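Visitor: Those letters in the sequence shown? Residues 1 to 360, by full-length UniProt numbering.
We treat Cβ as the ideally placed atom computed from N, Cα and C, and that holds for glycine.
Every value quoted in this text rests on a predicted model; they were computed, and no experiment measured them.
Here's a structure for you.
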Amino acid sequence: MTTSELIFIPSPGDGHLPSMVEFAKLLLDRDQRLSITIIIMNLPLQPKHNIITPTPNSRLCFVEIPSDESTKDLISPNTYIHDFVKHHKTHVLNIVHEIFESGKAKHDEGDHDITRFKDSDLQLPIPSYVNVVPVKILPAVVFDMEGGFEWFLYLARKFRETKGILVNIFQELDSHTIDSLIRNMDDIPPFSVVGPILNIRNIVENSTTHVEIMAWLSNQPESLVQQVNEIAVAIERSGHRFLWSLRCPLLMEKSWIVPIEHPQEYENLNEFLPEGFLERTSSMGKIIGWAPQMEVLSHSSIGGFFSHCGWNSVLESIWCGVPIAAWPLYAEQQLNAFQLVVDMGIAAPIGIDSGTIMSR
Numbered sequence: 001m002t003t004s005e006l007i008f009i010p011s012p013g014d015g016h017l018p019s020m021v022e023f024a025k026l027l028l029d030r031d032q033r034l035s036i037t038i039i040i041m042n043l044p045l046q047p048k049h050n051i052i053t054p055t056p057n058s059r060l061c062f063v064e065i066p067s068d069e070s071t072k073d074l075i076s077p078n079t080y081i082h083d084f085v086k087h088h089k090t091h092v093l094n095i096v097h098e099i100f101e102s103g104k105a106k107h108d109e110g111d112h113d114i115t116r117f118k119d120s121d122l123q124l125p126i127p128s129y130v131n132v133v134p135v136k137i138l139p140a141v142v143f144d145m146e147g148g149f150e151w152f153l154y155l156a157r158k159f160r161e162t163k164g165i166l167v168n169i170f171q172e173l174d175s176h177t178i179d180s181l182i183r184n185m186d187d188i189p190p191f192s193v194v195g196p197i198l199n200i201r202n203i204v205e206n207s208t209t210h211v212e213i214m215a216w217l218s219n220q221p222e223s224l225v226q227q228v229n230e231i232a233v234a235i236e237r238s239g240h241r242f243l244w245s246l247r248c249p250l251l252m253e254k255s256w257i258v259p260i261e262h263p264q265e266y267e268n269l270n271e272f273l274p275e276g277f278l279e280r281t282s283s284m285g286k287i288i289g290w291a292p293q294m295e296v297l298s299h300s301s302i303g304g305f306f307s308h309c310g311w312n313s314v315l316e317s318i319w320c321g322v323p324i325a326a327w328p329l330y331a332e333q334q335l336n337a338f339q340l341v342v343d344m345g346i347a348a349p350i351g352i353d354s355g356t357i358m359s360r
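Have a look at this one:
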């Protein structure tokens with residue numbers, strides 16, 4: 001039997017890895033001739049969480065490149081991922097070479113300088129969106145005059161050089177986007193719709209965190225509402241039950257499209273919450289650090305999801321039938337929130353502008 005080896009290289013950061021793993025599993029289930037190796041580039045200070053569900057499939061392998069602390073000094077603020085990947089390029093190529101050798105096998109396209117529209121009320125027609133999109137909700141890197149926008153366009157144009165593009169969406173959710181891609185097939189490589197890619201078969205149940213969270217949820221009535229200081233006040237005033245995954249704020253700089261450090265756990269929650277909050281809400285809510293999100297959203301006690309609108313989180317919430325309160329933070333999350341709230345009408349806006357701070 002002829003076999004084929006596929007190499008997956010997800011973008012650095014734990015948010016991109018789970019869907020890549022689940023997609024690999026789907027391919028392996030469909031074709032016994034395939035083997036897949038996923039090469040993982042660990043960012044500096046990236047926390048270790050069990051985001052890869054154990055699999056007995058011997059045809060799925062992981063090669064992990066150890067985190068290199070020296071890369072923190074090599075990375076430019078405006079070209080974070082590009083510089084990081086470039087730094088690891090030789091290492092990754094060597095790994096791919098070894099796998100196959102071993103037999104395992106500042107202008108847009110219209111020449112418009114979009115950076116000058118940063119503070120305007122201009123709205124742009126974008127083919128994949130039903131409504132015109134306000135310029136002010138575009139990712140911050142689009143307005144970066146220090147090389148970020150040029151890098152962004154460079155990467156976007158590189159997509160046209162690929163032999164194919166996989167899109168983690170599905171017809172029932174995003175038919176307009178799919179139709180727009182079909183209409184523009186002369187300008188883009190062949191594409192395949194492969195979503196939603198979710199880990200719904202294998203749930204990691206052996207961690208202390210999982211047991212504690214699931215036990216608490218099971219003691220709550222159905223339709224629990226999830227909503228550092230203003231949020232706490234809002235939660236307390238709402239009077240609703242909540243499960244709050246609270247971690248240290250992301251360290252951001254300038255127009256970074258990704259955080260320069262991953263969120264860490266709080267050592268003392270009382271330092272960041274209103275005085276007496278934990279005591280007053282002890283009977284109605286629970287505050288945790290990192291959470292097994294898909295498992296939480298699947299629980300019958302969950303009645304809503306206060307989300308940053310990362311695409312994987314959006315798909316998980318939609319799949320589980322949980323209403324979304326949209327509060328995007330950075331990168332493309334504002335566009336995701338716009339699509340959910342304005343185009344699809346399936347989310348409630350908390351603040352669509354990136355980094356919006358809502359107060360009393």
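Taking its Cβ as the centre, do 16 or more other Cβ atoms sit within 10 Å of glutamate 267, making it buried, or is it exposed?
Guide: exposed
Visitor: Let's test the definition: count the other Cβ atoms within 10 Å of the Cβ of proline 18 and tell me whether it reaches 16, buried, or not, exposed.
Guide: buried
Visitor: Rounded to a whole number of angstroms, what is the C-alpha to C-alpha distance between isoleucine 9 and leucine 60?
Guide: 13 Å
Visitor: Considering only the alpha carbon of each residue, which of Pro134, Glu98, Ile95 lies closest to isoleucine 114?
Guide: Pro134
Visitor: Using 8 Å for Cβ pairs, my map puts threonine 162 next to proline 189. What's the rounded Cβ distance?
Guide: 5 Å
Visitor: Might you give, ordered along the chain, the residues of its own chain that have their beta carbon closer than 6 Å to the beta carbon of leucine 166, omitting 5 neighbours on each side?
Guide: Ser192, Val194
Visitor: May I ask you to list the residues that DSSP assigns as paired with leucine 34?
Guide: Ser4
Visitor: With a threshold of 16 other CB atoms inside 10 Å of the CB of alanine 156, please say whether the residue is buried or exposed.
Guide: exposed
Visitor: If you compare alpha carbons, which of Ala348, Ile350, Asn336 is closest to tyrosine 129?
Guide: Asn336
Visitor: Pull the bridge partners of glutamine 123 from the DSSP assignment, please.
Guide: Pro134
Visitor: Taking the straight line between their C-alpha atoms, what separation do you get for glycine 276 and glutamate 236?
Guide: 11 Å
Visitor: If the criterion is Cβ atoms closer than 8 Å, does the pair valine 63 and threonine 37 meet it?
Guide: yes
Visitor: Roughly how many angstroms separate the alpha carbons of proline 328 and threonine 3, rounded to a whole number?
Guide: Looking at the two C-alpha atoms, the distance is approximately 43 Å.
Visitor: Do valine 322 and glycine 304 count as a contact pair if the criterion is CB distance below 8 Å?
Guide: yes
Visitor: Along the chain, where does the beta strand (DSSP E) containing alanine 337 start, and where does it finish?
Guide: Per DSSP, alanine 337 belongs to no beta strand (DSSP E); it is in the alpha helix (DSSP H), 333-338.
Visitor: Between Lys158, Arg160, Phe159, Leu181, which lies nearest to isoleucine 169 when the distance is taken from Cα to Cα?
Guide: Leu181
Visitor: CB-CB under 7 Å to valine 228, same chain, minus the five flanking residues each way: which ones, in chain order?
Guide: Leu246, Phe272, Leu273
Visitor: Please state whether DSSP places isoleucine 287 in a helix, a strand or coil.
Guide: strand
Visitor: Looking at proline 12 and phenylalanine 84, is the spacing between their C-beta atoms short of 8 Å?
Guide: yes
Visitor: Starting from alanine 234 and walking both ways along the beta strand (DSSP E), at which residues does that stretch end?
Guide: No beta strand (DSSP E) contains alanine 234, which is instead part of the alpha helix (DSSP H) from 230-238.
Visitor: Distance, Cα to Cα, arginine 116 vs arginine 183?
Guide: 30 Å
Visitor: For phenylalanine 159, which residues from the same chain have a beta carbon less than 8 Å from its beta carbon, with the 5 sequence-adjacent residues on both sides left out?
Guide: Ile165, Ile188, Pro189
Visitor: By Cβ distance below 8 Å, which residues in the same chain neighbour valine 314 in space, the five residues on each side in sequence not counted?
Guide: Ser307, Ile324, Asn336, Leu340
Visitor: Hey, how far is the Cα of alanine 144 from the Cα of asparagine 312?
Guide: Going by the sequence as given, residue 144 is aspartate instead of alanine. Using only the alpha carbons, I get a separation of about 26 Å.
Visitor: Give the single residue among Leu34, Arg30, Leu27, Asp29 whose Cα lies nearest to the Cα of glutamate 5.
Guide: Leu34
Visitor: Mind checking lysine 25: buried by the 16 CB within 10 Å criterion, or exposed?
Guide: buried
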